[in-house]
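Notes follow the structure.
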Amino acid sequence: AQKITQTQPGMFVQEKEAVTLDCTYDTSDPSYGLFWYKQPSSGEMIFLIYQGSYDQQNATEGRYSLNFQKARKSANLVISASQLGDSAMYFCAMREFGTYKYIFGTGTRLKVLA
Amino acid sequence: DVKVTQSSRYLVKRTGEKVFLECVQDMDHENMFWYRQDPGLGLRLIYFSYDVKMKEKGDIPEGYSVSREKKERFSLILESASTNQTSMYLCASSFLGTKPGQGLGAQYFGPGTRLTVT
């Protein structure tokens, strides 16, 4: 069965430092996509980054990168040079090819300290 | 930029009222979704639609219905609102991505509607 696990309910990071948010997934389908979303206190879910299961390289989008380790079924989000505005909930999600449903993890609350 | 809008940010309704939540997307996406988000329970899928007039039940459809008459618009209807439907409601849309290499489209979310039923 599809499952996303985020084991860190909350994390702190100092401003300007890098932080890694963990995500592991479970699927038996060889074709799938992995997504990360940011949800500030305002409530809107903001799409950050996408990794396809067949992508050879780790995805990067500005200060966000995805550390994709297929054999370990992990898709950790790395945020470099943290900013105060990065304080938010972060959700990892997965969708299997050929399905419409997205499976979300329970989220990690990140707090960036000045 | 992808834009998904929802009709209200905050809504207060009384028990038993019929409630309409509307969602509009401007990216010509095939798929549209309604979720509710509650503390400790995460995002739960209520309904989704993969085409005009097509709909599928999600994980918690009881007490809700949906309508998709036009590709860009997806409405969530609470036929008779109850206090246990007090929640944050999030609408999303995505590209279908039916072929390998097209990429499995990311969902783009609206700003959410905080519904309180008293």
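Protein sequences appear in the order of chains A and B.
Letter by letter, the first sequence follows residues 1 to 114 of my numbering.
Letter by letter, the second sequence follows residues 1 to 118 of my numbering.
Ideal Cβ placement from N, Cα and C applies to all residues, glycine included.
- Taking 8 Å as the cut-off, the Cβ atoms of Q51 of chain A and A88 of chain A do not count as close.
- Membership of V12 of chain B in the beta strand (DSSP E) is indicated by the continuous run 10-13.
- Residue range 19-25 is occupied by the beta strand (DSSP E) that includes Q25 of chain B.
- With contacts defined by Cβ atoms closer than 8 Å, D38 of chain B and K3 of chain B do not form a contacting pair.
- Identification of residues in the stretch 45-69 of chain A having a C-beta nearer than 8 Å to some C-beta of chain B yields M45, I46, F47, Y50, G52, Y54, given in sequence order.
- Contacts with chain B at 8 Å (Cβ-Cβ) do not include G85 of chain A.
- Between Q25 of chain B and chain A, the shortest Cβ-Cβ separation is not below 8 Å.
- Taking a Cβ-Cβ cut-off of 7 Å, G10 of chain A has no neighbours in chain B, whose nearest Cβ is about 14 Å from it.
- The distance from the Cβ of T27 of chain A to that of M94 of chain A is about 7 Å, consistent with a contact at the 8 Å cut-off.
- With contacts defined by Cβ atoms closer than 8 Å, Y90 of chain A and T108 of chain A form a contacting pair.
- DSSP, reduced to helix, strand and coil, places T83 of chain B within a helical segment of the structure shown.
- Per DSSP, the continuous beta strand (DSSP E) segment holding V117 of chain B begins and ends at 113-117.
- Taking a C-beta distance under 8 Å as the contact criterion, V117 of chain B and R73 of chain B do not qualify as a contact pair.
- DSSP places C92 of chain A inside the beta strand (DSSP E), whose first and last residues are 88-96.
- Along the stretch 9-39 of chain A, going in chain order, the ones with a CB nearer than 8 Å to a CB of chain B are S31, Y32, G33, F35, Y37.
- Counting the other Cβ atoms within 10 Å of the Cβ of E79 of chain B gives fewer than 16, which makes it exposed.
- Beta-bridge analysis with DSSP links D22 of chain A to no other residue.
- Chain-ordered, the chain A residues with CB closer than 7 Å to the CB of L90 of chain B read M45.
- For the pair P30 of chain A and S65 of chain A, the CB atoms are not nearer than the 8 Å cut-off.
- Using a Cβ distance threshold of 8 Å, S7 of chain B and E22 of chain B count as a contacting pair.
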